[in-house]
Amino acid sequence: MKSALFWFVLNLLAIIVVAAIGPAEKSLGTNVRVVYLHGAWVWAALICIFAAAVAGIAGLISRRQAAHYWSLALGRAGLIFWITYLPLSLWAMQTNWNGLFLSEPRWRVAIVFAVGGLVMQVGISMLDNPAWASAFNVVYVLILTYVLQTTDQVMHPGSPIFGSGAWRIQVYFLVLVLLTLLAAWQMARLLYFSRNPSTMQAAEVE
């Protein structure tokens, strides 16, 4: 656990360094680095949340406890990244557009699902059964997917980076996304091993 935590912190430092040296953009200049970071952060959150649903479906079908615990861990890691993406989004708004556009549709969706996710995790903790985490994560993803598909994009165009044709920015952003995904995976792994009774019992035996 100490080793896993060490590598997680080291990866976070790497993300900070990579984010700080990101390529400037013609319109936004070096302020675009915050946009890169907030984009990578929300992608990591979304992939984690969707992975939680996949693990949940696997657990519900196979009835394997390990899959339920992975769903629980991935869902919580995804929610942590989703919540911490919110201040990054505010930072990106302020530095690049000189103001906070809090009525922006995607921002309101982010707030609603952050609060809803917190309430859901409190409920899962009270139920104290990892199978409920699998079921709730599947429902959460279904609702989130529907809402994102039907919500207008005002300050969040479809694919500004990959549609730009600037290959250096695209490669840089992919590297940043992969580092952020690694951090999300490391967090999920820490949560999994802290919550799964079988792994804790094995550690006690060792």
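Numbering (my numbering), first residue to last: 1323 to 1528. C-beta: ideal position from N, C-alpha, C; glycine also.
Residue closest to residue i, alpha-carbon to alpha-carbon, out of the options
i	options	result
R1398	G1378, I1371 and L1410	I1371
T1417	Y1358, L1368 and T1502	Y1358
L1440	F1403, A1336 and V1469	F1403
H1360	F1330, A1388, Q1387 and I1405	I1405
S1349	I1369, W1419 and P1409	W1419
V1356	V1339, R1385 and A1367	V1339
W1489	P1345, L1332 and I1337	P1345
R1386	W1454, I1465, Q1471 and L1466	W1454
I1446	A1395, T1472, Q1508 and F1328	A1395
Same chain only: Cβ atoms within 6 Å of residue i, ignoring 5 sequence neighbours per side
i	result
V1354	E1347
A1389	A1377, A1380 and G1381
For residue i, three-class secondary structure by DSSP
i	result
G1344	coil
Euclidean distance between Cα positions of residue i and residue j
i	j	result
A1432	W1365	13 Å
A1510	S1393	9 Å
W1363	A1506	9 Å
L1300	I1343	Any answer about residue 1300 is impossible in this case: the structure gives the chain only from 1323 up to 1528.
T1583	L1334	The chain is shown from 1323 up to 1528; residue 1583 falls before or after that span and cannot be answered.
S1516	Y1391	10 Å
A1326	L1503	15 Å
G1438	P1452	18 Å
A1367	V1463	12 Å
V1434	V1469	11 Å
I1465	I1337	30 Å
Same chain, Cβ closer than 8 Å to residue i, five either side skipped, listed in chain order
i	result
V1493	none
Q1443	G1397, R1398 and L1401
A1457	G1378 and L1382
Close beta carbons around residue i, own chain, < 7 Å, minus the five adjacent residues each side
i	result
V1460	A1375, G1378 and I1379
A1436	W1404, I1405 and L1408
D1474	P1427
Q1508	A1326, W1329, F1330 and N1333
(message) For the structure I just gave you, are there three or more beta carbon pairs, one from the stretch 1374-1383 and one from the stretch 1490-1500, closer than 8 Å?
(response) no
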